[in-house]
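Those letters in the sequence shown? Residues 4 to 192, per the numbering used here, in order.
The C-beta atom is built at its ideal place from N, Cα and C for all residues, glycine as well.
This report refers to the structure that appears directly beneath it.
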Amino acid sequence: MRALNERIRREGKNLGRGILKVDSFINHQVDPMLMLSVGQAMAARFYSCEATKVLTAEISGIAPALTTALALQVPVVYARKTRPVTMHPNAIEATAPSHTKGSEVKLMLSPEFLGPGDRVLIIDDFLASGQTIGALVKLAQLAGATVVGIGAVIEKAFEQGREELAHLNVPIEALAVITSMDDGKIVLE
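If you want it as structure tokens, here you go:
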């Protein structure tokens with residue numbers, strides 16, 4: 004996706020240790036027109052998967068997941084990182100390490116929003132090591148749902164996340180692929 008690649012080149016910041024800062028258009032401030040384009044591009048790539056739900060993790064995955072769900076005309080469900088008092092007492096849980104927080108993050112999902120018969124498309128802002136998306140896969144599986152595809156706005160190919168998820172045998176798509184972040188650079192495919 005050319006517009007996304009241009010934004011990464013222009014505004015992305017390599018903070019070292021594999022951390023890419025894209026706060027100005029995805030992670031803190033969201034460019035709604037770019038996100039609409041992201042959602043349309045994701046929906047086009049995954050239309051044939053016949054997803055019934057889009058699943059993501061809060062908070063940075065919500066914008067691209069929402070616009071993808073909008074384009075596919077299906078609900079979006081997001082895994083919570085903190086338990087609100089309104090959450091179902093039998094929430095499904097999985098953990099994943101957070102690269103930016105430097106600790107484990109618990110993801111929680113109310114079973115009333117995802118279950119057997121659901122065909123789940125997982126959408127997130129990044130595909131890096133694959134561990135957060137792997138935790139989302141685990142949540143879907145624990146709910147009895149079937150994962151039909153995985154999409155990321157940005158993939159850091161050098162972190163091998165795609166390989167980590169390959170055993171799922173579902174389509175994995177990224178709209179922008181970073182092949183290297185060595186020497187303070189951001190190298191796009």
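Excluding the 5 residues flanking L139 on each side, which residues of the same chain have their C-beta closer than 8 Å to its C-beta?
Translated into the one-based positions of the sequence shown, residue 139 becomes position 136. Closer than 8 Å at the Cβ level, and outside the excluded window around L139, lie L58, T59, A60, A82, A97, L110, I125, D127.
Does the distance from the C-beta atom of K24 to that of L117 stay below 8 Å?
If you number the sequence shown from 1, residue 24 lands on position 21. If you number the sequence shown from 1, residue 117 lands on position 114. Contact flag unset, no.
Which first and last residues belong to the beta strand (DSSP E) in which S183 is found?
In the sequence shown, residue 183 corresponds to position 180, counting from 1. That run of the beta strand (DSSP E) goes 175-183.
Rounded distance between the beta-carbons of G42 and L73, thought under 8 Å
Position 70 of the sequence shown, counting from 1, holds the residue named residue 73. Position 39 of the sequence shown, counting from 1, holds the residue named residue 42. Indeed they touch by this definition, with Cβ atoms about 6 Å apart.
What's the gap between the Cα of N17 and the Cα of Q144?
Counted from its first residue, the sequence shown places residue 17 at position 14. Counted from its first residue, the sequence shown places residue 144 at position 141. Approximately 34 Å, taken between the alpha carbons.
Among residues of its own chain, excluding the 5 on either side of F49, which ones have a beta-carbon nearer than 6 Å to its beta-carbon?
Stepping through the sequence shown from its first residue, residue 49 is reached at position 46. Contacts found: L124, G152.
Nearest-angstrom beta carbon gap, A6 and S40 [assumed within contact, 8 Å]
Within the sequence shown, the letter at position 37 stands for residue 40. Within the sequence shown, the letter at position 3 stands for residue 6. Indeed they touch by this definition, with Cβ atoms about 6 Å apart.
Counting C-beta neighbours from all protein chains within 10 Å, is the total for G133 16 or more, i.e. buried, or is it exposed?
Taking the first residue of the sequence shown as 1, we reach residue 133 at position 130. Counting the other CB atoms within 10 Å of its CB gives G133 a total of 16 or more, which places it among the buried residues.
Cβ distance (whole Å) where I95 is taken to contact P78 below 8 Å
Translated into the one-based positions of the sequence shown, residue 95 becomes position 92. Translated into the one-based positions of the sequence shown, residue 78 becomes position 75. Contact doesn't hold; Cβ gap of about 17 Å is too wide.
Within 10 angstroms of its Cβ, does R86 collect 16 or more other Cβ (buried), or is it exposed?
By 1-based counting over the sequence shown, the position of residue 86 is 83. Per the 10 Å Cβ criterion, exposed.
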